[in-house]
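Position in the sequence shown counted from 1, then plus 323, gives you the working numbering.
Note that CB positions come from ideal geometry on N, CA and C, so glycine has one too.
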Amino acid sequence: MTAPRRVLCLCGSLRRVSSNRAALEAARQLAPASLELAMYDGLATLPLFNPDDERDPLPPSVLALREAVGQADALLIACPEYAHGVPGAFKNLLDWLVGSLEFPGKPVLLLNASARGSYHAQEALAEILRTMSAELLSTQPFPVALPGAGCTTEQILVSTERCAELRVALGHLAAELA
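Written out as structure tokens, the structure is:
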């Protein structure tokens, strides 16, 4: 048996009780044996991106981010939409990866964990990722129709429909990485 493929989960929200984080945590619990999902928890620790700071040595939190991305076989991203766009903190994370050697060509799968089916941020995020030379594993984000802001992992896991949506996304991810 081959080792599971490592997938780094990136949540675009800083909220303590985040629906996007809950979707990623549920995905972690539902992942097939061929995938090992790990959460990245350093979004709030990243300094504001400044190209002048992109030199040796990099801030420790940026080094940790780049190392985590470099060790991952793929990224699974769930990002909310704020004012029809990508949240500033998550865009900051992506800006720190633009000049990295770890990111270009990285396989990425997007989850759209929204009750309303937001699409503005999803389109913007896909464009940013394409510009950064990500390998988007699907032309569209995989929808996970969560009940709304602040839902929990447990609420997702007790929903047959939400689990089925996550399993479809994870199945696609596993097949693409096989």
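As assigned by DSSP and simplified to three states, the class of A401 = Reading the sequence shown from its first residue, position 78 is the one you call residue 401. Three-state DSSP puts A401 in a strand.
Starting from the C-beta of A354, find all residues in its chain whose C-beta is less than 6 Å away, skip the five residues before and the five after it, and write them out in chain order.
-> Reading the sequence shown from its first residue, position 31 is the one you call residue 354. L360 and L493.
Simplified DSSP state of C474, which is helix, strand or coil = Against the sequence shown, residue 474 aligns to sequence position 151. C474 falls in the coil class under three-state DSSP.
Under 9 Å, do A448 and C402 count as touching if we go by C-beta distance?
-> Taking the first residue of the sequence shown as 1, we reach residue 448 at position 125. Taking the first residue of the sequence shown as 1, we reach residue 402 at position 79. At residue 448 the sequence reads Leu, which differs from the Ala that was named. Going by C-beta atoms, L448 is nearer than 9 Å to C402.
With burial defined as no fewer than 16 other Cβ atoms inside 10 Å of the residue's Cβ, what is the status of L371: buried or exposed?
-> For the purposes of this step, residue 371 is taken as the residue at position 48 of the sequence shown. Exposed is the call here.
How many whole angstroms separate the CB atoms of K429 and V392, which I take to be in contact at a CB cut-off of 8 Å?
-> Locating residue 429 in the sequence shown gives position 106, counting from the first residue. Locating residue 392 in the sequence shown gives position 69, counting from the first residue. That pair is a contact at about 7 Å.
V491 (DSSP reduced to helix, strand or coil) | As a position in the sequence shown, residue 491 is number 168, starting the count at 1. Of the three classes helix, strand and coil, the one that applies to V491 here is helix, per DSSP.
If I'm right that G335 touches F426 with Cβ under 8 Å, what's the distance once you round it to whole angstroms?
-> On the sequence shown, residue 335 is found 12 positions in, with the first residue counted as 1. On the sequence shown, residue 426 is found 103 positions in, with the first residue counted as 1. Rounded, the Cβ-Cβ distance is 16 Å, inconsistent with contact.
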